[in-house]
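Position 353 of the sequence shown, counted from 1, bears residue number 353 in full-length UniProt numbering, the numbering being contiguous throughout.
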Amino acid sequence: MALFFYKEKNKDIRAAAYLRLSIEDGDKAESNSIGNQRELIRDFVAERPKLHLVGEYADDGYTGTNFERPGFTQMMEDIKSGKINCIIVKDLSRLGRNYIEMGKYLEQIFPMMGIRFIAINDNYDNANTESSDSDSIVVPFKNLLNDSYCRDISIKVRSQLDIKRRKGEFIGGYAMYGYCKDERNKSRLVVDEYAADVVRSIYRRKLEGMSAKVIAEQLNSEGVLAPSEYKRLCGLNYHSGFKAGTHAKWQAIQVLRILKNEVYTGTMVQGKRQKINYKIKKIRDVEESGWIKVPNMHEAIIPQKLFDTVQEVLKLDTCASKGQQTVNLFSGIVRCGGCGQNMVRRTVSKNGKKYVYLHCITNHNGLGCSSHLISESKLAEVVLAALQGKIQQISGLEQRLDEINEIPKNQRRLKSVEEHMKMLEQEEQKYQTLRRQLYEDMSNGIVSKDEYKEFSRSFNEKVENIRKAKTEMNRQLDSLNNLDVEHLPWIEDFKSYQNLTSLNRRVLVELVESITVYDKEHIHIQYRFDQEIRNVLEYCNSVPTTGTEGSTV
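The structure is reproduced here in structure tokens:
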């Protein structure tokens, strides 16, 4: 800010007081306060009749590491217009703490513009020629100390903020949309139920196949306030660049940020951006590996499983057809069994009817792969039947697990795995015996030395393969023994679609990872949690229930 008191035309020395205070002054804030600086400068001027204070410029809350400050900028403009020709500060650090910039102003800019500069507590006056030699040494040294002080403060502040981040304490000025700061603890986030419902609806719409652009358009048409407008409505002085007219609107980029923000799972994520250093304001993005993540720091709005599913959906190369708000049912999920590329949708009209097919994109581009053409309705029929069967299998799996969980853990035996291990041990013993007999036969002249080498090599290979199989079986046995069969959240994912009668985008992206089409009769469906399902199936088929020799799922 700039405040002019008066201007006396007949006086040559038109002085301005420059005042500055920032957080870097720490516990010295009282002695360095704007009021104290003003009083010191006025007392100094009052004792010197030749100095006439014609203006005052203040930057309250601005760092001294750069000179992009409103008060300082206005002062320099007034110097250029001739309103002032002398600057008075409490000490050198009030003008700035950047060693290089301070040297430039004191040694080049001010002398070139004919500006007298006075730093009261440092006993510096560039009009005092008697002390110029000593000042040429002392002043740069003081500027260097001021710069070093600012650097030390910056390091300490960064260190303290980093400690808070690693403890999972929120240090931002504003909570992300969907949360607000806890009134009792500003470092903790609590759910804002209204905004949280909007976040949930964004995730739901994405699973239904909507693009970020369509979701943003729908939110705007429904009258849902954009995050910045909502924060202002809540009394926060928040500003955003996402404006259309006088009010901020939802934009696709905001929707994508919400869809990708892990904070909604209850994990505190900070340190995504940082200043280059204490002198430069420019902010740079930090690689994700450098982000600080602390799980379970606040209530989740989006379950981890749902968040992970949406991240997979975002990776799919999909777009909606012209005139549609959602992507097509199989978009980004179906692959060609010949070349592994995505299969694309094509509509054909014949006899007044429309037929929809999926075919290999490389065939369409003339790159040589066969079309692997399949009707979309035929594929939907096959996938629906397969999903219904898988859901039924998972339901049976749950019943089997309930039976197993009734058996005390110390009484459960992995019967089939143990039997397989026993068989491998018997096989190994058999070939060890054959190898010993072979040596005796060679010693007795029954087989030649060459025959012995040939048979011995064969037996050794078989023994080695058996030992590898035993190692794998032991690993599998350990894995099954350590399997937590009492906490399998994916079972509920499948069971939630128990009454599935038709396909939709949501069930596909939640339960299916990919579909590979080799031809009309050969289609492979890769389910999500495939490996977990196989492990539990093997476990269930290996543990006999009480009074049985084992049942299978």
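Each residue gets a CB set at the ideal place from its N, CA and C atoms; glycine is no exception.
Q) Mind checking whether N504 and L373 have CB atoms under 9 Å apart? A) no
Q | Element boundaries [beta strand (DSSP E), containing E513] | A | V512 to D519
Q: Let me know if E30 comes out buried or exposed under the rule of 16 or more other beta-carbons within 10 Å of its beta-carbon.
A: Note that E30 has pLDDT 48, beneath the 50 cutoff, so the model's placement of it is unreliable and no number is given.
**Q.** First and last residue of the uninterrupted beta strand (DSSP E) at Q270
**A.** M268 to Q270
Q) Since Q526 sits in a beta bridge, which residues does DSSP pair it with? A) S514
Q. What does a CB cutoff of less than 6 Å around I523 pick up in its chain, not counting 5 residues either side in sequence?
A. V382 and V517
Q: Kindly say whether F67, judged by its beta-carbon, lies nearer than 9 Å to any beta-carbon of chain B.
A: Although the question refers to chain B, the structure presented lacks it and comprises just one protein chain.
(Q) Residues in the same chain with beta-carbon distance under 7 Å from G271, minus the five sequence neighbours each way, listed in chain order, please. (A) R165, V286, G290, W291 and I292
Q) Does the segment 76-94 come close enough to the segment 107-116 to have 3 or more Cβ pairs within less than 8 Å? A) yes
Q | From N123, E428 and S456, residue whose alpha carbon lies closest to that of E440 | A | S456
Q. Under 9 Å, do V512 and R528 count as touching if we go by C-beta distance?
A. yes
Q: Tell me where the beta strand (DSSP E) around E56 begins and ends.
A: H52 to D60
(Q) Once DSSP output is grouped into helix, strand and coil, what is the label at S134? (A) Since pLDDT at S134 reaches only 48, below the 50 mark, its modelled position is unreliable, and the value read off the structure follows with that caveat. Note: S134 maps to helix in three-state DSSP.
Q.
Closest to A216 by C-alpha separation, out of S187, Q254 and V190, would be which residue?
A. Q254
Q | Rounded Cβ spacing between V509 and T309 (contact assumed at less than 8 Å) | A | 6 Å
**Q.** F117 in three-state terms, based on DSSP
**A.** strand
Q: List the whole-angstrom C-beta distance separating K213 from V313, where the pair is believed to meet the contact cut-off of C-beta under 8 Å.
A: Contact flag wrong, Cβ pair sits at about 15 Å.
Q. Would a C-beta distance cut-off of 9 Å place V344 and L358 closer than the cut-off?
A. yes
Q) Out of curiosity, what's the CA-to-CA distance linking S331 and L488? A) 29 Å
Q) For I491 versus L387, is the C-beta spacing smaller than 9 Å? A) no
Q.
Just to confirm my understanding: we take residue 604, look at its own chain, exclude 5 residues before and 5 after, and list those with CB closer than 8 Å. What are they?
A. Outside the shown range of the chain (1 to 553) lies residue 604, about which nothing can therefore be said.
Q: Out of L189, G172, D450 and N541, point me to the one whose CA is closest to E398's CA.
A: N541
**Q.** Reference T501; option with closest CA among A385, V356, A46 and L424
**A.** A385
Q. If we count the other Cβ atoms within 10 Å of its Cβ and call it buried at 16 or more, is Q37 buried or exposed?
A. buried
(Q) Taking 9 Å as the threshold (C-beta atoms), are F307 and Y355 in contact? (A) no
Q) In chain order, what residues of the same chain lie with their CB nearer than 6 Å to the CB of R20, ignoring the 5 residues before and after it? A) D59 and R94
**Q.** Residue ranges of each beta strand (DSSP E) within the UniProt domain "Recombinase" (176-320), 3 or longer
**A.** 179-182, 185-191, 268-270, 273-277, 280-285 and 292-294
**Q.** Buried versus exposed call for Q251 [16 or more other C-beta atoms within 10 Å across all chains shown]
**A.** buried
Q) At which residues does the beta strand (DSSP E) containing Y355 begin and terminate? A) K353 to C360
Q) Is L40 helix, strand or coil when you go by DSSP? A) helix
(Q) Do A15 and G55 count as a contact pair if the criterion is CB distance below 9 Å? (A) yes
Q.
Taking 9 Å as the threshold (C-beta atoms), are L424 and I361 in contact?
A. no
Q. For N328, does the three-state DSSP call read helix, strand or coil?
A. coil
Q. Candidates R400, G82 and K315: which alpha carbon is nearest G209's?
A. K315
Q: Compare the Cα-Cα distances from N499 to each of I171, E68, Q392 and K186 and report the closest residue.
A: Q392
Q | Alpha-carbon to alpha-carbon, E288 and Y539 | A | 37 Å
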